Amino acid sequence: MNKGIQDKDELEYQYRTYLDRVQTLQEACEQQTNLTEEEEQKRLKWWNYNNAGIVNEKAELPKKEIPIFDGEDITKYRPFIQNFKRTIGLKCESAADCLYYLEQFTAGAAKELVRSCRHNDAERAYEKALALLEEEYGNEQRTATAFLQKLHDWPIIKSEDSEVNTKVVNNLELYHMNETLQDIVPVVFAQEIWPFSEEDSPLPEDAAVDHLEDVPYQFITAKISMIIGMNRAEMLKPLEIVDGPHKAIYASRHRLGWALNGPTDRQPATGVSQCIRVSVKEYVDLESKIEQMYDLDYKDNHISEKEMSPNDLQWLNVMETSIKKTEEHQYEISLPLKKNLELPINRQQVFKMFLSQLKELEADQKLFSDYQDFTAMMLTNDYMEKVPDSELNNKSWYLSHHAVYHKQKNKIRVVFNCSLKFNGVSLNDILYQGPDLTNSLLGVILRFRQEPVAFMGDIEKMFYRVKGLRTRKIIYAFLGSTDQASQRNTVSLFMFSERRRAWRWRISPFAKPS
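Residues are numbered in our numbering as their position in the sequence shown, beginning at 1, plus a constant of 9.
Below you can see the structure in the form of structure tokens.
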């Protein structure tokens, strides 16, 4: 039984007992109006003793606490409203008090619903508030959908996540074959797959030997579902042993019953073998792998070849699987996003930074004009595009930016802060950095000496020329103003499209066109 319900029933029983005592005292007072002083003292002493007992019993009960319901998680509505009615609703003397406390224990959208009923009289307002809450958050279909969404949002469990795949069972009761309780295990770790099968269970023919014919062994056909470890040594301790000839099977009796121990003469089923796999990989071209292994003994270790890390290989896999050629004869690649990593909603953070930057633009006319030219250039060259209102969702990530000037050229350069963290996460944190593909200085110098003439060039707006696949799973956006001086107070929202790479992305130096 639920402890809260049990406490309520106990309090109601004590309350009825208390009323019975009061009624008994009232009847006694009516019948004995002429009590002596000594009898009056005894009556008061009896009253105080019994009344104090009830008060002390109530004081020993734990204090009931009701969590505040804000409407964000509708799966918490039903427990909240039940606790509120039991703990507060039954104790309030008027509907006005109930409405007051209901408003105190709600927040956000739920609180606004309760407040919307205050214009009615107290009785109708409280009933209306309960009805609105029930209509908004008590729908069974919506609640079921919310629970399913919680299950869907849980992280994907991979085969290598051994700790996640392990279940914990508390207070497992172990019974003998005769259905008598033998032990209670506080904590049990369980999993669905064990490295053995039903064939490993003992069979009647295994015990068909002369020295075990008196052992009352009960054979059952069932899968092995639990292993008792040495942390429960009392369950494994042999209470009796029936031994036989040298190297023969023997029986041992434990608290849970008899067990057979030792080798058997059973042969495995034809074509069936057992192997505990740690890591398995199929090699089609086995000869080349063997040749490669022996070639390691003769490899020139002085050659400086850069090895790729596992993250670099993940980055390379994304590049190889996502690259494609467009109708404009350009290549597109996808962003090397890490799996199971999501960005928080940082709109408010970036918006506050933009408002601060807007004041700086208003104070510096040249900076504002250069910013306008930069924004126009980005839009004209299709380096960014405006965000449709329908795609501004909670999965958007907003890039902050600021301007710096070249010391010699006095030319503006807008830098996007991709390393800005919000709730401990930045855009760069969810991207694979990629391998270091920069040519060594020695290699550059040697290649310059290979031919009579050497050429060197620079790609203008190189990082903006790298295109990405156009998807809207995550929107990379930033806030910018393109208004004229007379309309500076208007703020425009633009999306920094995935079709271009932003300067200062951690992957930028490795996404250059070759």
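All C-beta atoms in this analysis are idealised placements derived from N, C-alpha and C, irrespective of residue type, glycine included. Bear in mind the structure is a predicted one, so any value in this text is a computation, not a measurement.
By the criterion of at least three beta-carbon pairs nearer than 8 Å, the stretch 325 to 344 is not in contact with the stretch 384 to 391. The same chain holds no residue with a CB closer than 7 Å to that of residue 329 once the five nearest residues on each side in sequence are set aside.
In its chain, beyond the 5 residues on either side, 370 and 412 have a beta carbon closer than 7 Å to the beta carbon of residue 380. An exposed status is given to residue 335, since fewer than 16 other beta-carbon atoms sit within 10 Å of its beta-carbon.
Between the stretch 348 to 366 and the stretch 423 to 434 there are three or more inter-stretch CB-CB distances shorter than 8 Å, so the stretches are counted as touching.
If you draw a straight line from the Cα of residue 143 to the Cα of residue 90, it is about 9 Å long. For residue 149, the secondary structure class from DSSP, reduced to helix, strand or coil, is helix. Straight-line measurement puts the Cα of residue 348 at about 10 Å from the Cα of residue 323. In this chain, the beta strand (DSSP E) harbouring residue 421 covers 421 to 426. About 5 Å separates the beta carbon of residue 134 from that of residue 108, a gap short enough to meet the 8 Å contact definition. Assignment of beta-bridge partners to residue 432 by DSSP yields no partner.
Annotation: the continuous alpha helix (DSSP H) that includes residue 297 extends over 295 to 304. Rounded to the nearest whole angstrom, the CA to CA distance from residue 251 to residue 243 is 19 Å. With contacts defined as CB atoms closer than 8 Å, residue 426 and residue 408 qualify as a contacting pair. The closest CA to that of residue 410, considering only 226, 153 and 428, is found on 428. Residue 117 carries a helical assignment under DSSP once its states are collapsed to helix, strand and coil.
Residue state for residue 395 is assigned as strand, using DSSP reduced to three classes. The residue from 449, 422, 406 and 232 with its alpha-carbon nearest to that of residue 437 is 406. A direct Cα-to-Cα measurement between residue 373 and residue 111 gives close to 53 Å. Residue 296 has its alpha-carbon roughly 46 Å from the corresponding atom of residue 467. Sequence-distant Cβ neighbours of residue 237 in its own chain, meaning closer than 7 Å and more than five residues away, are 244 and 245. Going by C-alpha positions, residue 196 is about 12 Å away from residue 235.
DSSP, read as helix, strand or coil, puts residue 334 in strand. Residue burial is scored here from C-beta neighbours: residue 115 has at least 16 other C-beta atoms within 10 angstroms and is therefore classed as buried. In the structure shown, residue 127 adopts coil according to DSSP, grouped into three states. Following the DSSP letters along the chain, one finds residue 260 in no alpha helix (DSSP H) but inside the beta strand (DSSP E) bounded by residues 259 to 263. Cβ-Cβ separation between residue 93 and residue 86: approximately 10 Å, too far for a contact (criterion under 8 Å). The C-alpha of residue 82 is placed about 16 Å away from the C-alpha of residue 75. The three-state reading of DSSP puts residue 341 in strand, counting E and B together. As the crow flies, the alpha-carbon of residue 113 is around 14 Å from that of residue 125. Between residue 131 and the set 119, 106 and 146, the nearest pair of CA atoms involves 106. When rounded, the separation of the alpha-carbon atoms in residue 212 and residue 249 is 21 Å. In the DSSP assignment, residue 414 falls within the beta strand (DSSP E) that extends over 409 to 414. Here the C-alpha atom of residue 88 lies approximately 17 Å from the C-alpha atom of residue 154.
The Cβ atoms of residue 218 and residue 193 do not sit closer than 8 Å to each other.
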